[in-house]
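Here is the structure we will look at, set down as structure tokens.
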Amino acid sequence: MKLSRISVAPSAVAVATAGLLLVGAPAAFAHDSVIGGDPANEAVLEEFPDKVTLEFSGNIKDDFNTFAISDVDSGDILFTGEPTTDGRFASLELPTDLNPGAGDYRIGFQITSSDGHSTRGMTTFSVVEGEAETTAPADVDSEQPADTATEQGMGTWLIAGLGIVALLGVIAMVIFRGRNNT
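In case it helps, mature numbering (1 follows the signal peptide of the UniProt record, and there is no 0) puts the sequence shown at residues -30 to -1, 1 to 152.
Printed below as a string of structure tokens:
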């Protein structure tokens, strides 16, 4: 059976389109992740915060969101509540009498991602009372999640680029094979 370029072209376009959709799908369907916060992940603070805020990679939905503040060492849940949301930010005011002192703490969260799916995770922070040099590491740590998000984005583009090159190679093979058969 001889194939002409005209009969091969629609197949090549279909293969290329399907490939591009498959390569782009993982990024489009990814759940939102934490990209920043106050306190920043792994921040070291002088005193227990009166409010916690997490920044996500997408606009989170207003339904079924919850935060829980817990002591890492004992596992005790110190406070839970529904955060207020504003676009990519979710914030929870903490009671003024909540001050467990020095220690390691976890902000556990469950939010509804921009894609409508439930997303769970956590960040941590430490309180070291009376040490003045604790603010500098918190600033360094607050930039770290953004770098990670950038690296993940570059990885997605690299995979997409390799997929496109592979698809172009397949299309070229199909076209040249069709030429040789005519």
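Positions of the beta carbon are idealized from the N, C-alpha and C atoms, including for glycine.
Can you tell me the Cα-Cα spacing of residue i and residue j, whole angstroms?
i	j	result
Pro107	Ser96	Low confidence applies to Pro107: its pLDDT is 41, below 50, so where it sits in the model is not reliable, and the reading given next is rough at best. So the alpha carbons of these two residues sit roughly 11 Å apart.
Phe59	Ala38	16 Å
Thr54	Val14	24 Å
Ser83	Arg147	47 Å
Ala6	Glu52	Ala is not the amino acid found at residue 6; the sequence shown has Gly there. Taking the straight line from one Cα to the other gives about 19 Å.
Ser61	Pro19	12 Å
Gly91	Met143	46 Å
Asp109	Phe26	Confidence at Asp109 is low in this model, with a pLDDT of 39, below 50, so its placement is unreliable and the value that follows should be read with caution. Taking the straight line joining both Cα atoms gives about 18 Å.
Pro65	Ile134	53 Å
Glu99	Ala136	57 Å
Gly139	Ile145	10 Å
Thr36	Ile141	49 Å
His1	Glu12	22 Å
Asp85	Thr23	21 Å
Could you give the first and the last residue of the continuous beta strand (DSSP E) run that contains residue i?
i	result
Arg76	73 to 82
Thr23	21 to 26
Val4	4 to 8
Asp56	54 to 56
Compare the C-beta of residue i against all C-beta atoms of chain C and say whether one is closer than 7 Å.
i	result
Ser27	Going by chain labels, chain C is absent from the structure shown, which holds only one protein chain.
Which residue wins for smallest C-alpha separation from residue i, given the options the options?
i	options	result
Pro9	Ala136, Val140, Arg76	Arg76
His87	Ile30, Arg147, Asn69, Val22	Ile30
Asp72	Asp33, Gly7, Glu17	A small fix is needed here, since residue 72 is Ala in this sequence, not Asp. When only C-alpha atoms are compared, the closest one is Glu17.
Gln80	Asn69, Asp74, Thr93, Pro70	Thr93
Gly78	Asp46, Ile141, Gly28	Asp46
Ser3	Asp67, Gly139, Gly28	Gly28
Leu68	Glu99, Gly57, Phe49, Asp32	Phe49
Asp33	Gly57, Thr23, Asn11, Ile145	Gly57
Asp41	Asp74, Glu63, Glu12	Asp74
Lys21	Asp85, Thr36, Glu63, Asn35	Glu63
Pro70	Thr23, Glu12, Ser44	Ser44
What does DSSP give as the partner residues of residue i in its beta bridges?
i	result
Val14	Ser96
Ser88	Thr82
Ile62	A small correction: the amino acid at residue 62 is Leu; Ile does not occupy that position in the sequence shown. In DSSP, Leu62 forms a bridge with Val22.
Ser40	Ile47, Arg76
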